[in-house]
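Heads up: the sequence shown begins at 210 in this note's numbering, then just goes up one per residue.
What follows is a single structure, written as structure tokens, with notes after it.
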Amino acid sequence: MFGLETEYGIQVDGVDDLDVVVESMELIRCYLREDFVARWDYGLENPRRDMRGFEVDGLLNDRDETEHLQKDRARKIPLKDLKSDLILGNGARLYNDHTHPEYSTAECLTLADLVAQDRAGEAILRHCARRRSALRGRGVVRLYKNNTDFDGHSYGCHENYLLPRSIPFDDVIAALLPFLVTRQIYAGAGKVGVETDSRTDPGLYQLAQRSDFFEVIASVDTMTRRPLVNTRDEPHADADRYRRLHIIIGDANLCEWATALKVGALRLVLDLLMAGKAPRLVLADPVGAVKAISRDPRRRWEVELEDRRPTTAIEIQRAYLERARELAAGRDAETDWVLREWGFALDALGGDPAQLTGRCDWVTKKWLLDAFAEAEGLDWGDPGHRAWLQSQDLEYHNVDPGEGLFLLLERSEGGPVFRLSDAAAIDRALVEPPERTRARFRGRAVEKFGTAVRSLNWDSIEFQVDGRLATVDLKCCVDADSAAIFNDKLDRAGSVAELLEALSEAVPER
210 MFGLETEYGI QVDGVDDLDV VVESMELIRC YLREDFVARW DYGLENPRRD
260 MRGFEVDGLL NDRDETEHLQ KDRARKIPLK DLKSDLILGN GARLYNDHTH
310 PEYSTAECLT LADLVAQDRA GEAILRHCAR RRSALRGRGV VRLYKNNTDF
360 DGHSYGCHEN YLLPRSIPFD DVIAALLPFL VTRQIYAGAG KVGVETDSRT
410 DPGLYQLAQR SDFFEVIASV DTMTRRPLVN TRDEPHADAD RYRRLHIIIG
460 DANLCEWATA LKVGALRLVL DLLMAGKAPR LVLADPVGAV KAISRDPRRR
510 WEVELEDRRP TTAIEIQRAY LERARELAAG RDAETDWVLR EWGFALDALG
560 GDPAQLTGRC DWVTKKWLLD AFAEAEGLDW GDPGHRAWLQ SQDLEYHNVD
610 PGEGLFLLLE RSEGGPVFRL SDAAAIDRAL VEPPERTRAR FRGRAVEKFG
660 TAVRSLNWDS IEFQVDGRLA TVDLKCCVDA DSAAIFNDKL DRAGSVAELL
710 EALSEAVPER
């Protein structure tokens with residue numbers, strides 16, 4: 210299983226006294242189609258548990274959270290209203306992550322489902338923004354699927370993967386670091402300028418929006434001193450058997466190709482890890498390399514290994530690709546697509562990156578920005594001109610199809626944008642969870658028995674039936690076979706009581 214969590218930037222034109230927390234809350238509430246909404250069960254989450262076998266006393270962002278809490282108390286808004294946490298009929302989660310509306314896709318088993326679910330999230334947030342604009346009466350609400358406000362603040366697009374707990378976590382870190390540090394050469398969304406280092410040329414065009422914001426190799430924090438590998442231990446599955454690998458170093462992509470490739474390639478790297486065949490590469494300075502690769506104006510992407518040998522991001526990615534080919538070539542059509550496109554990307558990046566226009570976001574955005582700069586006579590080194598370019602950078606990520614530069618390009622006849630989904634697939638993903646997953650059970654349960662649902666989380670649903678509470682535990686429902694059993698019982702049940710009885714007789718073997 211795997212999925213994406215995307216925080217959206219929010220802006221309201223024509224409003225000077227914007228309370229972005231309230232605005233984000235109200236925007237989420239615009240999705241509501243009925244009075245009843247099940248409560249999200251936060252008691253099942255523990256952000257302080259670390260995969261390395263301990264629980265920290267506090268998080269570095271606790272101080273920020275305390276300040277936010279004090280401000281929220283002044284607003285006199287109940288927490289459940291502030292979060293406005295919704296599980297949607299398509300199995301996804303939509304909620305207010307304090308200053309950002311966030312959409313978490315349902316659990317997926319295929320890249321096609323993931324891309325469609327991600328695009329459905331754009332459509333859902335777009336609907337909310339339009340409705341909020343109409344309701345508020347003044348100011349136009351705009352949403353941006355990006356990762357920076359160009360003023361030193363970053364918000365994330367996180368990936369989640371189910372991983373066996375039997376793999377020592379030090380091995381996970383060792384296998385992932387070189388891959389994650391260099392993946393931005395095809396997965397980065399591009400950015401005008403540098404936000405965290407005054408010594409660097411402010412007119413740079415970077416590969417990735419998030420690379421400026423990472424400071425340590427591994428930790429349980431996500432907002433302060435961000436780590437390349439997040440160690441939070443919330444598996445949302447059987448904790449004795451599984452981990453949830455929570456990847457926070459990655460950009461929000463508009464290009465469907467980039468979304469599919471970054472996730473598909475990482476899934477293959479995890480296969481290499483589980484097979485004990487990951488390349489044995491150790492970077493001398495992983496945190497420094499993330500920034501250096503993103504900011505390299507020559508596009509050589511040179512890095513140094515721990516033994517002082519020089520290499521490049523392309524060579525590191527190619528080492529992973531070759532191992533993945535040896536392990537998985539011919540496994541299925543989706544795997545072969547990932548291997549083929551991964552190789553195509555590395556060949557293009559080593560020769561003519563323009564071949565990735567319409568596939569890779571940083572290349573596509575740079576192509577649009579260069580055309581704009583040439584048409585307007587702009588100089589990247591001029592601060593005033595750079596502000597114009599940053600405004601166009603932001604508009605690339607606007608999810609309004611009438612304004613967003615990427616979406617306009619995507620809709621242009623004969624344009625270069627490569628599609629993996631179509632309108633029909635996205636429409637289905639708006640209302641239907643991915644088949645053969647527990648997300649289908651969760652989304653269908655909310656649709657079918659919503660009035661009996663008291664609370665829920667990714668891995669459980671609490672029903673109120675006949676004056677008592679009963680919980681359906683989904684921790685063992687993590688593959689297609691177990692999901693088929695749960696979903697079949699749900700489809701056949703005429704009531705919650707029938708569902709509970711059927712599941713008690715047919716729980717999949719652990």
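Positions of the beta carbon are idealized from the N, C-alpha and C atoms, including for glycine.
Just so it is clear, the structure is predicted and the values come from calculations on it, not from any experiment.
- Query: How many angstroms separate the CA atom of residue 491 from the CA atom of residue 550?
  - Reply: 25 Å
- Coil, strand or helix - residue 471 by DSSP: helix
- Are residue 427 and residue 409 close, meaning C-beta to C-beta below 9 Å? no
- Item | Span separating the alpha-carbon of residue 672 from that of residue 651 | 12 Å
- Task: Can you grab the Cα-Cα spacing for the pair residue 693 / residue 480, in whole Å?
- Result: 24 Å
- Query: So residue 333 is in the alpha helix (DSSP H); what residue range does that whole segment cover?
  - Reply: 320-345
- Considering residue 519, what are the terminal residues of the beta strand (DSSP E) in which it resides? 519-521
- State the start and end residues of the unbroken beta strand (DSSP E) segment that holds residue 369. 366-373
- Is residue 436 helix, strand or coil by DSSP? strand
- Can we say the segment 665-683 touches the segment 329-337, given the rule of at least three CB pairs closer than 8 Å? no
- residue 650 in three-state terms, based on DSSP: helix
- Bridge partners - residue 314, DSSP secondary structure assignment: DSSP output for residue 314 lists no bridge partner at all.
- Item | residue 563 versus 518, 576 and 648, residue with shortest Cα-Cα distance | 576
- Item | Cβ distance (whole Å) where residue 366 is taken to contact residue 237 below 8 Å | Incorrect: roughly 18 Å between the Cβ atoms, too far for contact.
- Item | Contacting residues, own chain, Cβ-Cβ under 7 Å from residue 725 (five flanking each side not counted) | Here the chain has residues from 210 to 719 only, and residue 725 is not among them.
- residue 359 (DSSP reduced to helix, strand or coil): coil
- Message: Let me make sure I understand the geometry here. Which of 602, 591 and 696 has the alpha-carbon closest to that of residue 572?
- Response: 602
- Item | Buried or exposed by the 16-neighbour rule on C-beta atoms within 10 Å, applied to residue 397 | buried
- 3 or more residues per run - each beta strand (DSSP E) lying fully within the segment 637-699: 662-666, 669-674 and 677-682
- Would DSSP call residue 215 helix, strand or coil? strand
- Item | Below-9 Å beta-carbon distance, residue 707 vs any chain B residue | No chain B appears in this structure, which consists of one protein chain only.
- Run through DSSP, which three-state label would residue 441 get? strand
- Task: Would you decide whether residue 313 is buried or exposed? Buried here means 16 or more other CB atoms lie within 10 Å of its CB.
- Result: buried
- Task: Decide if residue 405 is buried, meaning its Cβ has at least 16 other Cβ atoms within 10 Å, or exposed.
- Result: exposed
- Message: The alpha helix (DSSP H) that contains residue 237, what's its start and end?
- Response: 229-238
- Return helix, strand or coil for residue 277, following the three-state DSSP convention. Because residue 277 sits at a pLDDT of 43, beneath the cut-off of 50, its placement in the model cannot be relied upon, and the following sentence gives the value as read from the coordinates. Of the three classes helix, strand and coil, the one that applies to residue 277 here is helix, per DSSP.
- Task: Evaluate residue 233 with the Cβ neighbour count: other Cβ atoms within 10 Å of its Cβ, from every protein chain shown; 16 or more gives buried, anything less gives exposed.
- Result: buried
- Item | Rounded straight-line distance, which links the Cα of residue 698 to that of residue 714 | 10 Å
- DSSP three-state call for residue 427: helix, strand or coil? strand
- Message: Could you compute how far the alpha carbon of residue 393 sits from the alpha carbon of residue 387?
- Response: 11 Å
- Report the residue from 578, 529 and 469 whose alpha carbon sits nearest the alpha carbon of residue 546. 469
- Message: I'd like to know if the segment 307-322 and the segment 210-224 are in contact, where contact means that at least 3 CB-CB pairs between them fall below 8 Å.
- Response: yes
- residue 303 versus residue 324: straight-line alpha-carbon distance, rounded: 17 Å
- Look at residue 486 and residue 535 and say whether their C-beta atoms are less than 9 Å apart. yes
- Beta-carbon separation (whole angstroms), residue 354 vs residue 606, contact threshold 8 Å: 5 Å
- Counted within 10 angstroms of its Cβ, other Cβ atoms place residue 213 as buried (16 or more) or exposed: buried
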